[in-house]
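Asker: Residue 50 in full-length UniProt numbering sits at position 50 of the sequence shown; the count goes up by one each step and never skips. Provided herewith is a single structure, encoded as structure tokens, for subsequent inquiry.
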Amino acid sequence: MSQAAKVLQLFKTLHRTRQQVFKNDARALEAARIKINEEFKSNKGEASPKKIEELLKIGSDVELLLRTSVIQGIHTDHNTLSIYHVSHSWT
Numbered sequence: 001m002s003q004a005a006k007v008l009q010l011f012k013t014l015h016r017t018r019q020q021v022f023k024n025d026a027r028a029l030e031a032a033r034i035k036i037n038e039e040f041k042s043n044k045g046e047a048s049p050k051k052i053e054e055l056l057k058i059g060s061d062v063e064l065l066l067r068t069s070v071i072q073g074i075h076t077d078h079n080t081l082s083i084y085h086v087s088h089s090w091t
């Protein structure tokens, strides 16, 4: 697979993960969307294959961290907070 295809695949995977992990949290969904887009845009002109591989590794690590480490809490009443973890595998 070409590096361009890997970059596009990672971009889509990050957005898919964002949608699952932050489901029902509009503010977090928007913040994550902006951050993903900014990071990819800021590195759009990168030409070094070695640097691109490093960036792909960082992006993959971020995606894994989002999938495995994010928990959300929902106020169910005045004194109760329900906490849940959304875990998905994108293989």
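In this text, a Cβ means the ideal position worked out from N, Cα and C, and glycines have one as well.
Rounded to a whole number of angstroms, what is the C-alpha to C-alpha distance between A26 and N37?
Answerer: Each residue's alpha carbon lies about 16 Å from the other.
Asker: Would you kindly work out how many angstroms separate the C-alpha atoms of Q19 and N43, rounded to a whole number?
Answerer: Their Cα atoms are separated by approximately 23 Å.
Asker: Helix, strand or coil for T91? Go by DSSP, reduced to three states.
Answerer: Low per-residue confidence applies at T91: pLDDT is 42, beneath 50, and the placement is therefore not dependable enough to give any value.
Asker: Using the rule of at least 16 other Cβ atoms within 10 Å of the residue's Cβ for burial, across every protein chain shown, is T17 buried or exposed?
Answerer: So T17 ends up on the buried side.
Asker: Just to confirm my understanding: we take H15, look at its own chain, exclude 5 residues before and 5 after, and list those with CB closer than 8 Å. What are they?
Answerer: Correct list, in chain order: R33 and I36.
Asker: So L56 and E46 are in contact, right, with Cβ under 8 Å, and what is the actual spacing, rounded?
Answerer: With 8 Å as the limit, L56 and E46 do not qualify as a contact, their Cβ atoms being about 11 Å apart.
Asker: So, helix, strand or coil for S82, using DSSP?
Answerer: Residue state, collapsed to three classes: strand.
Asker: Can you tell me whether DSSP reads G73 as helix, strand or coil?
Answerer: Strand, per DSSP.
Asker: Please list, in chain order, all residues of the same chain as H75 whose beta carbon is under 7 Å from its beta carbon, the five residues on each side excluded.
Answerer: Taken in chain order, the residues that qualify are L81.
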